[in-house]
Amino acid sequence: MRLIDERGRLLGKVSLLDLGALAIVVAAIVAVLFFPGRQVGSVVQVGGGPTLPVEVDMIVRGVSSRSLEPFQVGQKADLIIRNQPYGQVEVVRVENVSRTVPVVFPDGRVENLPDPEPYRFDLVFTLRGRGQRTENGVVLGNNRVKVGVPLELETFSYNLRGTVMDVRLLQS
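Numbering-wise, the working numbering puts 1463 at position 92 of the sequence shown, and it's gapless, one number per residue.
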């Protein structure tokens, strides 16, 4: 009996292609188990440190509302960071930063006037919660929060999506 027959089988039983595929799968499993990659910001590395008070400024553009009444200072809101629930934060400040429109008058002067759309606001929310300081920045829950990170803020009255403008660690 020959070692490899005319069909490419080892000892007439196992195909060499099957052996090659099995070797690749075993090598991949060994590589994952014994040589894991560096996982920055994983749950294991983030947990365990002291939590500090954190303030986050979030800008929301184009809010359609009849008034600013639903956006109350001091209320609790659910925060979602990158589609991951964080928990509740306190709304510390709400600032209306609606746009102005440059208007040219017949005499040549230019004035910035309020945007003529009465039910469209640009709002900056200041949110307060608790987070941890790491070497890579501030972490709320298990999510790093930096400028540009998408946030979602939800209360009984509204559900808004915006982005982070600023992150501040407060003195405890």
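Don't be surprised by glycine CBs; every beta carbon is placed ideally from N, CA and C.
Got a sec, what are the start and stop residues for the alpha helix (DSSP H) residue i sits in?
| i | result |
| --- | --- |
| Val1397 | 1387 to 1405 |
I need the DSSP call for residue i, collapsed to helix, strand or coil.
| i | result |
| --- | --- |
| Tyr1529 | coil |
| Asp1376 | coil |
| Leu1524 | strand |
| Thr1422 | coil |
| Val1444 | coil |
| Arg1515 | strand |
| Ser1436 | coil |
| Leu1540 | strand |
| Gly1508 | strand |
| Leu1381 | strand |
| Pro1487 | coil |
With respect to the beta strand (DSSP E) encompassing residue i, which residues constitute its N-terminal and C-terminal limits?
| i | result |
| --- | --- |
| Lys1447 | 1447 to 1452 |
| Asp1493 | 1491 to 1505 |
| Gly1458 | 1455 to 1467 |
| Arg1480 | Careful: Arg1480 lies outside any beta strand (DSSP E) and carries neither H nor E. |
Determine whether the beta carbon atoms of residue i and residue j lie at a separation below 7 Å.
| i | j | result |
| --- | --- | --- |
| Val1520 | Val1509 | no |
| Leu1390 | Leu1540 | no |
| Phe1492 | Val1465 | no |
| Ile1452 | Asn1507 | no |
| Tyr1457 | Leu1511 | yes |
| Ser1503 | Gly1420 | The question names Ser, but residue 1503 is Gln in the sequence shown. Taking 7 Å as the Cβ cut-off, Gln1503 and Gly1420 qualify as a contacting pair. |
| Val1475 | Val1468 | no |
| Glu1440 | Arg1499 | no |
| Leu1450 | Val1434 | no |
Alpha carbons only, please: which of the options is nearest the one belonging to residue i?
| i | options | result |
| --- | --- | --- |
| Ile1430 | Leu1494, Phe1442, Ile1375 | Leu1494 |
| Thr1471 | Pro1489, Ile1451, Pro1477 | Pro1489 |
| Leu1522 | Arg1373, Gln1455, Glu1426 | Gln1455 |
| Val1463 | Ala1448, Phe1476, Leu1381, Pro1485 | Ala1448 |
| Pro1487 | Arg1373, Pro1473, Gly1479, Leu1524 | Pro1473 |
| Ser1438 | Gly1533, Asp1537, Ser1528 | Ser1528 |
| Thr1526 | Val1444, Val1403, Pro1407 | Val1444 |
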